[in-house]
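One structure is given below, encoded as structure tokens.
Residue numbers (this note's numbering), protein chains in the order written: chain Z, 2 to 328; chain W, 59 to 446.
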């Protein structure tokens with residue numbers, strides 16, 4: 002293998018610690034941004050990486066200039082040492098795929114079109130999710146990819162999504178669905194194959210939800226939890242507090258604005274710190290911190306900026322993984 | 059602050075739509091407070107509120123999703139509660155009520171209402187497939203929200219109903235849910251599944267038969283049997299269900315109902331909002347009001363902050379400049395969204411007809427600035443409600 006910058010070796014150790022990373026979190030916490038950032042970090046570390054989007058009209062392709070990811074994978078960045086491709090998986094397409102793989106391609110399109118999939122989905126709860134997970138498993142089994150990153154449904158739905166295989170088995174599913182459910186369950190319960198990366202903002206509701214999600218993923222799904230990513234942390238500015246003190250009671254228009262903005266940042270930082278502290282107490286997992294980006298748009302420059310912050314943290318996690326491995 | 063006429067004056071029903079994490083629940087509660095302050099008897103139907111908001115509104119915790127009560131379960135979750143606040147102590151006659159959506163209890167009540175006999179209700183309520191419907195048939199929670207919205211609208215205690223839509227993959231699901239549930243109970247596949255059981259000799263479409271065999275092979279007999287039992291028990295209730303769904307749909311389509319789109323000023327949220335607005339326009343139910351939530355505050359002196367020499371390393375100015383830059387990029391995204399919505403609304407004017415004056419409404423835009431600390435109590439909500 003060609004030389005990879007030395008620090009990245011440990012990042013690779015972390016990124017290779019399981020084949021699939023499922024990125025999950027409440028809506029609006031930046032789950033998609035984190036998925037894209039992990040993808041770029043992985044490609045930069047020399048790995049052949051596949052990003053998978055599950056929700057319709059998500060924005061996973063946007064930073065790379067693609068509005069809607071297609072079902073067939075496409076390159077998201079110029080392939081170099083590593084590679085980053087992206088694709089979409091939807092249950093309807095996965096069903097058609099599955100049926101055609103079993104010599105039943107004609108009925109597949111019909112089932113999807115006529116709403117019959119609703120009937121199947123109602124009789125067998127979770128079948129849509131299972132079809133999607135089955136497709137991910139098939140990619141894992143047949144494609145030559147180092148790392149698969151999945152942008153999972155929003156938090157509450159993520160548990161339902163990942164519970165689908167076990168749920169179907171319990172409900173008494175039989176035949177091909179049962180076989181598929183068993184294969185997916187094996188994949189999900191093997192931490193060398195699959196891990197969940199939870200994403201949250203340092204705010205009350207997302208933190209509460211992420212803690213609940215973490216416990217229910219461990220208890221109800223039995224899937225390994227990777228590091229938790231705290232997104233959107235307000236960065237500090239050196240000398241801000243001293244500057245604020247020096248303003249004293251000056252009431253010029255500019256000083257009022259300076260004072261309000263400085264207070265805003267400091268208050269946000271302290272309430273974020275309190276939430277992070279609560280998280281650390283209630284959910285002892287390795288943590289990755291990502292800063293707030295001062296641009297509303299999601300462009301490649303933002304992802305690059307986040308990747309620069311992410312990589313050293315992945316290296317630290319990789320070193321920790323190595324230290325745990327018995328020599 | 060002088061106020062123009064706002065959505066709380068125009069509407070009898072307000073449907074709040076928005077992607078997850080944009081502050082939809084908080085915003086709907088604030089809209090209801092604004093309604094009460096304006097003298098209306100407002101009720102807000104919330105879905106899964108954050109703990110602090112539930113406490114602020116004095117409503118109980120929701121029942122966990124899979125948990126179901128016994129037959130004829132109580133609907134305490136659905137029952138609105140009157141909330142005291144500044145709207146009823148300054149000579150106004152406004153009222154604020156809050157209720158929490160309990161989809162399972164709502165569905166149970168619908169079944170009980172439409173069943174021909176108590177034993178039919180019992181058979182449906184006890185069916186395993188039925189018990190999973192609210193969590194497995196997509197759109198069911200949304201339909202139950204729409205059903206409750208109709209019930210509250212018909213309730214004389216209230217003259218303004220505000221509904222916070224359930225977190226779903228697509229915010230638009232609520233609008234499509236009545237049709238979706240009708241199609242489900244009416245699916246011809248069930249007719250064919252039930253045909254042998256009814257002893258009917260009616261010819262069943264060969265492709266449909268194939269589909270039934272397909273399902274049987276895919277999921278096994280045990281699960282298919284549950285489906286058959288459910289539809290056997292449901293027999294005869296489908297017409298009542300369909301009629302009710304049509305009534306709900308009519309209310310959602312009428313000009314008494316207004317759509318409020320709540321968005322955050324971030325690219326992912328704006329993309330979702332653009333998509334939702336387009337779907338609303340396609341259904342001839344244009345966005346009445348766009349609420350941009352959690353906009354980075356304007357600290358003042360922003361022209362100065364944006365124009366100053368960026369190499370200046372004074373921490374106070376660097377800080378001010380960062381927020382001014384962020385706000386400017388947020389404004390750019392919002393402008394694009396607002397223009398697209400306005401374009402869709404004016405396009406709708408050309409095919410005005412059934413919807414009366416609704417397609418000629420102008421888009422109202424309300425901006426709510428991000429707070430340094432989250433809204434923790436009723437006072438905070440009252441504060442936000444001032445924006446409407």
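For glycine and all other residues, C-beta sits at the position ideal for the given N, C-alpha and C. As the structure is a prediction and not an experimental result, all values here were calculated from the model.
Assigned secondary structure, residue 1 (chain Z) (DSSP; H/G/I helix, E/B strand, else coil) = Within the shown structure, residues of chain Z are numbered from 2 to 328, placing residue 1 (chain Z) beyond reach of any answer.
Give a yes or no on whether the minimum CB-CB distance between residue 299 (chain Z) and chain W is below 9 Å.
-> The count along the first chain starts at 1 and reaches residue 299 (chain Z) at position 298. With 9 Å as the cut-off, residue 299 (chain Z) counts as an interface residue toward chain W.
Would DSSP call residue 146 (chain Z) helix, strand or coil?
-> Start at 1 with the first residue of the first chain, and residue 146 (chain Z) comes out as number 145. In this structure, residue 146 (chain Z) counts as coil in the three-state DSSP scheme.
Using a Cβ-Cβ cut-off of 8 Å (strictly less than) and excluding sequence neighbours within five positions of residue 352 (chain W), which residues of its own chain qualify?
-> Translated into positions along the second chain, residue 352 (chain W) becomes position 294. Correct list, in chain order: 80, 81, 322, 323, 426, 427, 428.
Close-in-space but distant-in-sequence residues of the same chain around residue 267 (chain Z) (CB under 8 Å, 5 per side omitted) | Counting from 1 along the first chain, the entry for residue 267 (chain Z) is found at position 266. Answer for residue 267 (chain Z): 241, 242, 245, listed in chain order.
Determine whether the Cβ of residue 315 (chain Z) lies closer than 9 Å to any Cβ atom of chain W.
-> Counted from its first residue, the first chain places residue 315 (chain Z) at position 314. False, the Cβ-Cβ gap to chain W never drops below 9 Å.
If you draw a straight line from the C-alpha of residue 478 (chain W) to the C-alpha of residue 77 (chain W), how long is it?
-> No answer is possible for residue 478 (chain W): the residues shown for chain W start at 59 and end at 446.
So, helix, strand or coil for residue 128 (chain Z), using DSSP?
-> Stepping through the first chain from its first residue, residue 128 (chain Z) is reached at position 127. Residue state, collapsed to three classes: helix.
Would you kindly report the start and end of the unbroken beta strand (DSSP E) that includes residue 40 (chain Z)?
-> For this step, residue 40 (chain Z) is matched to residue 39 along the first chain. Careful: residue 40 (chain Z) lies outside any beta strand (DSSP E), inside the alpha helix (DSSP H) at 32-45.
CA-to-CA distance, residue 75 (chain Z) to residue 122 (chain W), given in whole angstroms = Within the second chain, residue 122 (chain W) is the residue found at index 64, counting from 1. Within the first chain, residue 75 (chain Z) is the residue found at index 74, counting from 1. Bear in mind that the predicted position of residue 122 (chain W) carries a pLDDT of just 42, short of 50, making it unreliable; the figure below should be weighed with that in mind. Looking at the two C-alpha atoms, the distance is approximately 41 Å.
Assess, as a yes-or-no matter, whether the segment 160-174 of chain Z is touched by the segment 211-220 of chain Z under the definition of 3 or more beta carbon pairs within less than 8 Å.
-> yes
Over what stretch of residues does the alpha helix (DSSP H) that includes residue 154 (chain W) continue unbroken?
-> Along the second chain, read from residue 1 onward, the residue named residue 154 (chain W) stands at position 96. Note, residue 154 (chain W): premise wrong, no alpha helix (DSSP H); beta strand (DSSP E) at 153-158.
Under 8 Å from the C-beta of residue 375 (chain W): neighbouring residues of chain Z | Sequence index remark: in the second chain, residue 375 (chain W) carries index 317 (1-based). Ordered by position in chain Z, the residues that pass the 8 Å Cβ test against residue 375 (chain W) are 259.
Apply the 10 Å Cβ neighbour rule to residue 43 (chain Z) and answer buried if 16 or more other Cβ atoms are within range, or exposed otherwise.
-> By 1-based counting over the first chain, the position of residue 43 (chain Z) is 42. Residue 43 (chain Z) should be labelled buried.
Is the segment 285-294 of chain W touching the segment 172-190 of chain W in the sense that three or more CB pairs, one from each, lie closer than 8 Å?
-> yes
Test: residue 264 (chain Z) CB closer than 9 Å to a CB of chain W | As a first step, residue 264 (chain Z) is located in the first chain; it is residue number 263 there, counting from the start. Interface residue, yes.
Does the segment 17-32 of chain Z touch the segment 61-76 of chain Z, meaning 3 or more C-beta pairs lie closer than 8 Å?
-> no
Does the distance from the C-beta atom of residue 310 (chain Z) to that of residue 198 (chain Z) stay below 9 Å?
-> As a first step, residue 310 (chain Z) must be located in the first chain, where it is residue number 309. As a first step, residue 198 (chain Z) must be located in the first chain, where it is residue number 197. The answer is no: Cβ separation not under 9 Å.
Pull up the distance between the alpha-carbon of residue 18 (chain Z) and that of residue 199 (chain W), whole angstroms please.
-> Mapped onto the first chain, residue 18 (chain Z) falls at position 17. Mapped onto the second chain, residue 199 (chain W) falls at position 141. Looking at the two C-alpha atoms, the distance is approximately 39 Å.
Outcome for residue 416 (chain W) when other beta-carbon atoms lying within 10 angstroms are tallied against a minimum of 16 | Residue 416 (chain W) sits at position 358 when you count from the first residue of the second chain. Confidence in residue 416 (chain W) is poor, its pLDDT being 48 and thus under 50, which makes the residue's placement unreliable; the coordinate value appears in the next sentence. Flag for residue 416 (chain W) reads buried.
Unbroken alpha helix (DSSP H) runs of length 4 or more, entirely within the segment 162-248 of chain Z: which are they?
-> 176-190, 205-217, 241-248
Reduced DSSP secondary structure (H/G/I, E/B, other) of residue 140 (chain Z) = As a first step, residue 140 (chain Z) must be located in the first chain, where it is residue number 139. Residue 140 (chain Z): helix per DSSP, three-state reduction.
May I ask you to report which of helix, strand or coil DSSP gives residue 310 (chain Z)?
-> Locating residue 310 (chain Z) in the first chain gives position 309, counting from the first residue. Residue 310 (chain Z) falls in the helix class under three-state DSSP.
Nearest-angstrom Cα distance between residue 212 (chain Z) and residue 150 (chain Z)?
-> Within the first chain, residue 212 (chain Z) is the residue found at index 211, counting from 1. Within the first chain, residue 150 (chain Z) is the residue found at index 149, counting from 1. The straight-line gap from Cα to Cα measures roughly 22 Å.
With DSSP run on the structure shown, which of helix, strand or coil describes residue 351 (chain W)?
-> Counting from one through the second chain, the residue named residue 351 (chain W) turns up at place 293. Reduced to three states, the DSSP call for residue 351 (chain W) is strand.
Quick one: is residue 279 (chain W) near chain Z, going by C-beta distance under 9 Å?
-> Along the second chain, one-based indexing puts residue 279 (chain W) at 221. Yes, residue 279 (chain W) lies at the interface with chain Z (some Cβ there is under 9 Å from its Cβ).
Proximal residues of chain Z, C-beta to C-beta of residue 384 (chain W) below 8 Å | Position 326 of the second chain, counted from the start, is the residue given in the question as residue 384 (chain W). Going along chain Z in sequence order, the residues near residue 384 (chain W) (Cβ under 8 Å) are 295, 296, 297.
Other residues of its chain near residue 98 (chain Z): CB distance less than 7 Å, five sequence neighbours each side excluded | For the purposes of this step, residue 98 (chain Z) is taken as residue 97 along the first chain, with counting starting at 1. Cβ within range, chain order: 136.
In angstroms, rounded to a whole number, what distance separates the CA positions of residue 262 (chain Z) and residue 293 (chain Z)?
-> Walking along the first chain from the start, residue 262 (chain Z) turns up at place 261. Walking along the first chain from the start, residue 293 (chain Z) turns up at place 292. Near 16 Å, if we compare the C-alpha coordinates of residue 293 (chain Z) and residue 262 (chain Z).
Please confirm if the segment 271-284 of chain Z is in contact with the segment 295-307 of chain Z, defined as three or more CB-CB distances below 8 Å between the two stretches.
-> no
Check whether the Cβ of residue 387 (chain W) lies closer than 9 Å to any Cβ atom in chain Z.
-> The residue labelled residue 387 (chain W) in the question sits at position 329 within the second chain. Cβ-Cβ to chain Z under 9 Å: yes for residue 387 (chain W).
What first and last residue would you give for the alpha helix (DSSP H) that runs through residue 317 (chain W)?
-> As a position in the second chain, residue 317 (chain W) is number 259, starting the count at 1. Counting along the chain, residue 317 (chain W) falls outside any alpha helix (DSSP H), though it belongs to the beta strand (DSSP E) covering 315-322.
Near residue 408 (chain W), what residues of its chain come up, given a Cβ to Cβ distance below 8 Å and the 5 sequence neighbours on each side ignored?
-> Reading the second chain from its first residue, position 350 is the one you call residue 408 (chain W). Confidence at residue 408 (chain W) is low in this model, with a pLDDT of 41, below 50, so the placement of that residue is unreliable and no value is reported for it.
Leaving aside the five residues before and after residue 433 (chain W) along the sequence, list all residues of the same chain whose C-beta is less than 7 Å from its C-beta, in chain order.
-> In the second chain, the residue the question calls residue 433 (chain W) occupies position 375. The residues are 84, 439, 442.
Give, in chain order, every residue of the segment 71-91 of chain Z whose Cβ lies closer than 8 Å to some Cβ of chain B.
-> Among the protein chains of the structure shown, namely Z and W, there is no chain B.
Check the Cβ-Cβ distances between residue 171 (chain Z) and every residue of chain W, and say whether any is below 9 Å.
-> By one-based count along the first chain, residue 171 (chain Z) stands at place 170. Output row for residue 171 (chain Z): interface = no.
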